[in-house]
Amino acid sequence: MPYRLVGIIDSVEQGFLLATGDNLLGAASDCDLCIDHPTVSRKHARIIVGPGSVQIVDAGSHNGTYIEGEKVDRASLEPGMSVAFGKVKLRLEEVSDVDIVLGLEIDSSVPEEGAGANGPKHTTVGFRSMANMPLDLLPDLLRRVEAGEGEHEVVRAAAAALFDGLPVASAEVRCRETGAVVFEASRNLGTRDVRELTAVGHGTALALELHADRRAETLEPVLELVGTVLRIAAGRESPDLRAVPPERVPARRPDPPTVAPAVQRIYDEAEQVAQGDVGVLIGGESGTGKEVLARFIHDASPRGSCAFVALNCAALPNDLLEAELFGIERGVATGVDERPGKFEAAHDGTLFLDEIGDMNLQTQAKILRVLQEGVVYRLGATQARPARCRIIAASNRDLGAMRAGGDFREDLYYRIAVWVVEIPPLRHRADDIANLAAHFLQHAAKKRGHRVRGISVGALEALRSYRWPGNIRQLQNEMARVALFLNDGEVLDSSRLSDEILHPTGRAAGGTLEERLENQERLEILAAFRRCGGNASDVAKDLGIGRSTLYRRMKHLEISSGTDEG
Numbered sequence: 008m009p010y011r012l013v014g015i016i017d018s019v020e021q022g023f024l025l026a027t028g029d030n031l032l033g034a035a036s037d038c039d040l041c042i043d044h045p046t047v048s049r050k051h052a053r054i055i056v057g058p059g060s061v062q063i064v065d066a067g068s069h070n071g072t073y074i075e076g077e078k079v080d081r082a083s084l085e086p087g088m089s090v091a092f093g094k095v096k097l098r099l100e101e102v103s104d105v106d107i108v109l110g111l112e113i114d115s116s117v118p119e120e121g122a123g124a125n126g127p128k129h130t131t132v133g134f135r136s137m138a139n140m141p142l143d144l145l146p147d148l149l150r151r152v153e154a155g156e157g158e159h160e161v162v163r164a165a166a167a168a169l170f171d172g173l174p175v176a177s178a179e180v181r182c183r184e185t186g187a188v189v190f191e192a193s194r195n196l197g198t199r200d201v202r203e204l205t206a207v208g209h210g211t212a213l214a215l216e217l218h219a220d221r222r223a224e225t226l227e228p229v230l231e232l233v234g235t236v237l238r239i240a241a242g243r244e245s246p247d248l249r250a251v252p253p254e255r256v257p258a259r260r261p262d263p264p265t266v267a268p269a270v271q272r273i274y275d276e277a278e279q280v281a282q283g284d285v286g287v288l289i290g291g292e293s294g295t296g297k298e299v300l301a302r303f304i305h306d307a308s309p310r311g312s313c314a315f316v317a318l319n320c321a322a323l324p325n326d327l328l329e330a331e332l333f334g335i336e337r338g339v340a341t342g343v344d345e346r347p348g349k350f351e352a353a354h355d356g357t358l359f360l361d362e363i364g365d366m367n368l369q370t371q372a373k374i375l376r377v378l379q380e381g382v383v384y385r386l387g388a389t390q391a392r393p394a395r396c397r398i399i400a401a402s403n404r405d406l407g408a409m410r411a412g413g414d415f416r417e418d419l420y421y422r423i424a425v426w427v428v429e430i431p432p433l434r435h436r437a438d439d440i441a442n443l444a445a446h447f448l449q450h451a452a453k454k455r456g457h458r459v460r461g462i463s464v465g466a467l468e469a470l471r472s473y474r475w476p477g478n479i480r481q482l483q484n485e486m487a488r489v490a491l492f493l494n495d496g497e498v499l500d501s502s503r504l505s506d507e508i509l510h511p512t513g514r515a516a517g518g519t520l521e522e523r524l525e526n527q528e529r530l531e532i533l534a535a536f537r538r539c540g541g542n543a544s545d546v547a548k549d550l551g552i553g554r555s556t557l558y559r560r561m562k563h564l565e566i567s568s569g570t571d572e573g
């Protein structure tokens, strides 16, 4: 059984895998385990790993070596015991064999563990969290202004860069005169307090929501400078250019591409449906990617150069929901300012109504009228405003059953449900889990300026065997969490995963009996493919079934990889 030392050094959790044999620990850069700490001597101690044993030998250090608080010159170390080198405290733990084997490589530029003469080379030297993205942003914006780009182009580039490079919950750009959305993006970052920062240009305003921590304070002057750049850009922008709608983004399928045949078929059909102007109803559990599909349909459609506006109908009480949908006039209530609604913002574009099944019948009737007439009346207004847009709706509820039961308007249902599609849950897309995990992990680590070497076999098996009740969104949040605890160049192993994934309970552990049996069958087939190097004939023999039976079960279980017959 392999071993490693783990502990917190300079407020950062660190892990040091021990090679079999002699491991020299110290502050010198040529040590096998290099710990850059003022209380650690250059050559501090030797850690000798043998069959079922770990010995600690002090190498004449200045500040001593301690096991369980007692100073030692030479002693045995058992798993779970603590050892201190100077003031650096670590703990010995056993590592599963499958967690020292790389199951999926993410960044090949990271040196492979075990490449040194004495096995794995670990160091705490040079560990820093990089936060230089704002320093790169401003020169890029100035180059755009110098190249003749106007305010709309520059503000979209600024919003996209800030959203992609920082832990931003939402980024939105609006035209100050009309209130129309020029850019909009959001992600789930949990329930922590957020702070809003703005950059105000001549004709546009950029608003960011991010965690209310020191990073927000640091960004405040950066946003002020961004606003200055936008006003400079506006001075070079002709009136005709300002009237041009946002530049169309070419339709791109989600990254990484799915390998699940059912999802591939959905996107093939969606690309064709996008060319028409029919209503679309997307079903599926929460977190399966309904909004991602909606954005793809919008981008692939003739409306792709216009606004895509999204609204979660379940997130607001009815009165606020109608104000968000239809807008509101000044003076309708005390202190209320004039505000356009989502229908106006989505004029000539696409309006995505998520969880439309949570909307009451009265609001449904008002939406149907807007769709029929192509105009909208703000709350408290007598003047109609243009609101011709395509509706893409989504719900994790059965709208067909709700329609039959009188809880959803039949006329609205047939208006929005011309093309109905159901996105399968992540537990039915086992082949996608590894690629999605690698993509989200790499993206989250990149925000911290880190590289991730890959994911261990043990971690992959745990990720694939979990039921993912929160689907892709839960997987993305899990990878964002573990990225906080990985150092530059580390491999994600199963010890970093949350307890819920390692030790699932309740329905998350298996759902119905049939689902649990199918999940176990899927894992056994995937494990057999790994044992047999991907050879289907050998897999069938290993499992004691015929090859035709194997293919039939793989099709039923949506297993589409590793079928090379060799």
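Numbered per this note's numbering, the sequence shown spans residues 8 to 573. Even for Gly, the Cβ is constructed at its ideal location relative to N, Cα and C.
About 4 Å separates the beta carbon of LEU433 from that of TRP475, a gap short enough to meet the 8 Å contact definition.
Taken in chain order, the unbroken stretches of beta strand (DSSP E) that lie wholly in the region 402-451 and span 3 residues or more are 426-429. A straight line joining the alpha-carbon of PHE92 with that of ASP439 spans about 43 Å. Pairing ILE42 with ILE16 gives a Cβ-Cβ distance under 8 Å. Spatial neighbours of LEU323 in its own chain (CB-CB distance under 8 Å, excluding positions within 5 residues in sequence) are listed in chain order as GLU331. The three-state reading of DSSP puts GLY28 in strand, counting E and B together. The shortest CA-to-CA distance from SER501 to any of LEU149, VAL207, GLY110 is the one to GLY110. The beta carbons of ILE113 and GLY387 sit about 54 Å from each other, so the pair does not count as a contact at 8 Å.
For ALA307 and VAL299, the gap between their C-alpha atoms comes out near 12 Å. In this structure, the alpha-carbon of PHE492 lies about 49 Å from that of ARG385.
Of the candidates VAL266, ALA212, ALA535, GLU292, the residue whose Cα lies closest to the Cα of SER402 is GLU292. The beta carbon of PHE447 sits closer than 6 Å to those of GLN483, MET486, all from its chain and outside the five residues before and after it, given in chain order. The region 311-319 makes no contact with the region 442-458; the number of CB pairs closer than 8 Å stays below 3.
DSSP lists SER463 as the bridge partner or partners of LEU109. A contact between stretches requires three or more CB pairs, one per stretch, nearer than 8 Å, and the region 359-376 meets this requirement with the region 398-415. Taken atom to atom, the span from the alpha-carbon of LEU169 to that of VAL175 is near 7 Å. The beta carbon of ALA321 sits closer than 7 Å to the beta carbons of GLU362, ASP365 from its chain, once the five residues preceding and following it are set aside; these are given in chain order.
Partner residues in the beta bridge of GLU203, as assigned by DSSP, are GLU216. Within the same chain, and ignoring the five residues on either side of ASN325 in sequence, the residues whose Cβ sits closer than 7 Å to its Cβ are ASN367, THR370. ARG11: member of the beta strand (DSSP E) spanning 10-16, first to last residue.
Under the DSSP definition of a beta bridge, GLN371 lacks any partner. Beta bridge pairing from DSSP links LYS96 with ALA91. Here ARG560 is not near GLU531, since their CB atoms are 8 Å or more apart.
Here CYS320 carries a helix assignment [DSSP, helix/strand/coil]. For ASP65, the enclosing beta strand (DSSP E) has its first and last residue at 60-65. Counting along the chain, TYR73 sits inside the beta strand (DSSP E) bounded by residues 72-74. Proximity to GLY283 across HIS305, GLN271, PRO263 peaks at HIS305, based on C-alpha coordinates. Taking 8 Å as the upper bound for CB-CB distance, ALA490 and ASP106 are not in contact here, some 17 Å apart.
For GLU468, the closest C-alpha among the options HIS51, ASP104, ALA82 is that of ASP104. Take GLU75, set aside five residues on each side of it, and the residues of its chain with a beta-carbon closer than 7 Å to its own are MET88, SER89, in chain order.
For THR556, the uninterrupted alpha helix (DSSP H) segment begins and ends at 554-563.
About 4 Å separates the CB atoms of LEU230 and ALA206; that is less than 8 Å, so the two are in contact.
By the neighbour-count definition (other C-beta atoms within 10 Å, threshold 16), GLU203 is an exposed residue. Taking a contact as a CB-CB distance under 8 Å, the pair VAL56 and GLY28 counts as one, their CB atoms being some 6 Å apart. Excluding the 5 residues flanking it on each side, ILE479 has same chain C-beta neighbours closer than 8 Å at GLY294, THR295, GLY296, LEU433, LEU443, in chain order.
For the set GLU276, LEU97, LYS94, GLU101, the Cα lying nearest the Cα of PRO58 is the one of GLU101.
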